[in-house]
Amino acid sequence: MMNHPIIIAGPCSAETQDQVRSAAAQLKDFRLPSAAGGGGISFFRSGIWKPRTRPGTFEGVGEAGLPWLSGIQQEFGLSACTEVASARHVEQVVKAGLQAVWIGTRTTANPFLVEEIAEALGGTSLHVFVKNPINPDLGLWIGAVQRVLRHHPGQVYAIHRGFSDYHIGQLRNAPLWRVPIEFKVQMPDIPLLCDPSHLSGDTVFIPELAQRALDLNFDGLMLEVHPRPKEALCDARQQLDPDAFKDLMHALSWRRSTPSADSLSEEKILIDAIRTRIDVLDDDLVDILAQRMSLVDQIGQVKKRGGIGIIQIERWNVVSSRTRRLASEKGLDDTFIEEVYRAIHQQSIKRQEKIIRE
Numbered sequence: 141m142m143n144h145p146i147i148i149a150g151p152c153s154a155e156t157q158d159q160v161r162s163a164a165a166q167l168k169d170f171r172l173p174s175a176a177g178g179g180g181i182s183f184f185r186s187g188i189w190k191p192r193t194r195p196g197t198f199e200g201v202g203e204a205g206l207p208w209l210s211g212i213q214q215e216f217g218l219s220a221c222t223e224v225a226s227a228r229h230v231e232q233v234v235k236a237g238l239q240a241v242w243i244g245t246r247t248t249a250n251p252f253l254v255e256e257i258a259e260a261l262g263g264t265s266l267h268v269f270v271k272n273p274i275n276p277d278l279g280l281w282i283g284a285v286q287r288v289l290r291h292h293p294g295q296v297y298a299i300h301r302g303f304s305d306y307h308i309g310q311l312r313n314a315p316l317w318r319v320p321i322e323f324k325v326q327m328p329d330i331p332l333l334c335d336p337s338h339l340s341g342d343t344v345f346i347p348e349l350a351q352r353a354l355d356l357n358f359d360g361l362m363l364e365v366h367p368r369p370k371e372a373l374c375d376a377r378q379q380l381d382p383d384a385f386k387d388l389m390h391a392l393s394w395r396r397s398t399p400s401a402d403s404l405s406e407e408k409i410l411i412d413a414i415r416t417r418i419d420v421l422d423d424d425l426v427d428i429l430a431q432r433m434s435l436v437d438q439i440g441q442v443k444k445r446g447g448i449g450i451i452q453i454e455r456w457n458v459v460s461s462r463t464r465r466l467a468s469e470k471g472l473d474d475t476f477i478e479e480v481y482r483a484i485h486q487q488s489i490k491r492q493e494k495i496i497r498e
């Protein structure tokens, strides 16, 4: 993480001029703790074009919101940032004098749209933030950034906001931290931010996700901050009020990008970086095991209703043979994998025994 993190804050959507102005007024004098450089808000965010998943929900005020954001820049000295999804949006933003834009997750997934937007960005002085695509396709994300850089070299950033996942958990989007970490490995010169608002879908989980991002050396955060979250026209649950935002910023543990004198060893830095990636993979392993056990429980319920025995030797033999073959293909010791799956199998039996006894 850089010693002066990039902080983007503001409401999900620009709903009214008063709402936008109220949010900006409460954020303009905010300062980060000294451990984070003591700076203020880097950019004031607010969407005016909102590409919703389904029609009929609030889709933004459109072009009418541009003067509101221009006014924020003039009155409060905050750099305004909004989402663009077409070349026309870029042209309107430039005409209004805004200083930054972001390309949203749905747009990033479409190389044709990204190319169109990138061409429109050429020759402008805009800061450009590129969110990850809706699916965990690292190549697509990197490709979108490269398209922008080809026409607009400089002032380009990436934002991790999580990925759509068929597995319904507590979070709105799956973090899959290994993807942004690999992005950073492949594109080390592009500042990488985290959007814990969209990752979480609920303010309850924002502190944990924000801290995780800082621990992983992200370069900043994008957070949704609404003056009256309960009255928000979209994504009310994931928007902090200004006081909660300020409290969060001061509660986080900020990491410096420059190591201390006693930890400058190249080997130590490399080991720490690799261990961080291992930690992320461990998180994924535990999550996958939890999903697997959930499916085991579902099978247990079916066996209970059908009077079927718990242990199915033929099925276990298929699983054992298949996983040993996969282990061999991946260069893993098949005996080790067999031990792992025996432990998983024993736990599965215990869970199904409990279900049948209930």
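Sequential numbering of the sequence shown, starting at 141, is according to this note's numbering. By construction, the Cβ of each residue, glycine as well, lies at the ideal position given by its N, Cα and C atoms.
When the Cα of residue i is compared with those of the options, which residue comes out closest?
i, options, result
"K324", "I299, A314 and I346", "I299"
"V224", "P336, Q214, G200 and L218", "G200"
"R415", "L356, I450 and M389", "L356"
"E155", "D169, P207 and G179", "P207"
"I139", "S405, C374, Q492 and A314", "Past the boundaries of the shown model lies residue 139; the chain is included only from 141 to 498, so the question cannot be answered."
"W281", "E256, V268 and P251", "P251"
"S265", "V234, N275 and G179", "V234"
"G244", "V254, D375, A236 and A176", "V254"
"L316", "R301, Q326, P367 and M327", "R301"
"N272", "A483, R246 and I418", "R246"
"Q452", "D474, T343 and V436", "V436"
"V160", "I212, S434, L466 and H144", "I212"
"L261", "A227, I409 and Q310", "A227"
"A391", "H229, E348 and N457", "E348"
"H366", "S186, G471 and S182", "S186"
"S340", "W456, Q379, A175 and P173", "Q379"
"S182", "Q157, D158, F216 and G205", "F216"
"D329", "I346, S304, R312 and G294", "G294"
"G174", "H144, F184 and A164", "The question names Gly, yet the displayed sequence has Ser at residue 174. Closest option to S174, Cα to Cα, is H144."
"D383", "P369, S393, R395 and W394", "P369"
"V268", "V230, M327, K444 and H338", "V230"
"S393", "G440, L172, D423 and Q487", "L172"
"R455", "I495, S219, V296 and S488", "S488"
"L311", "R395, H338 and R445", "H338"
"S304", "P276, Q157 and H291", "P276"
Please classify residue i: is it buried, with 16 or more other beta-carbons within 10 angstroms of its beta-carbon, or exposed?
i, result
"I146", "buried"
"A149", "buried"
"A258", "buried"
"A353", "buried"
"S153", "buried"
"I346", "buried"
"T475", "exposed"
"Q492", "buried"
"V270", "buried"
With DSSP run on the structure shown, which of helix, strand or coil describes residue i?
i, result
"E454", "helix"
"E478", "helix"
"S393", "coil"
"F323", "helix"
"R291", "Note on residue identity: the sequence assigns His, not Arg, to residue 291. H291: helix per DSSP, three-state reduction."
"F184", "strand"
"F345", "helix"
"I499", "Residue 499 lies beyond the residue range present for the chain, which begins at 141 and ends at 498; the question has no answer from this structure."
"S153", "strand"
"A165", "helix"
"A314", "strand"
"F385", "helix"
"I330", "coil"
"L280", "helix"
"E498", "coil"
"H144", "coil"
"G360", "strand"
"K443", "helix"
"I448", "coil"
"Q492", "helix"
"H366", "coil"
Could you round the C-beta distance between residue i and residue j to whole angstroms and report it? I think they count as a contact, below 8 Å.
i, j, result
"P151", "E371", "That belief does not hold up - the Cβ atoms of P151 and E371 are roughly 11 Å apart, past 8 Å."
"Y481", "S461", "About 11 Å separates the two Cβ atoms, so there is no contact after all."
"I274", "A249", "6 Å"
"I188", "G178", "In fact, because the Cβ distance is near 31 Å, the residues do not count as touching under 8 Å."
"A413", "L388", "Contact doesn't hold; Cβ gap of about 27 Å is too wide."
"C374", "K190", "7 Å"
"E322", "L278", "6 Å"
"L361", "P336", "7 Å"
"R318", "L421", "6 Å"
"I477", "R464", "6 Å"
"F184", "C221", "7 Å"
"S219", "A236", "Their Cβ separation, rounded to whole angstroms, is 13 Å, which puts S219 and A236 out of contact at 8 Å."
"G440", "I495", "4 Å"
"L238", "Y297", "Contact flag wrong, Cβ pair sits at about 16 Å."
Is any non-hydrogen atom of the ligand FMN found closer than 6 Å to the C-beta of residue i, if you look at the structure I gave you?
i, result
"W242", "The model on display carries no ligand, and the ligand FMN is accordingly not part of it."
Report the residue ranges of all beta strand (DSSP E) runs contained in full by the stretch 187-238; include only those spanning at least 3 residues, in chain order. Restricting attention to beta strand (DSSP E) runs no shorter than 3 residues, the stretch 187-238 encloses them at 220-224, ordered along the chain.
Ignoring anything shorter than 3 residues or poking outside the stretch 243-274, list the beta strand (DSSP E) runs there in chain order. Runs of the beta strand (DSSP E) lying entirely within the stretch 243-274, each at least 3 residues long, are 267-271 in chain order.
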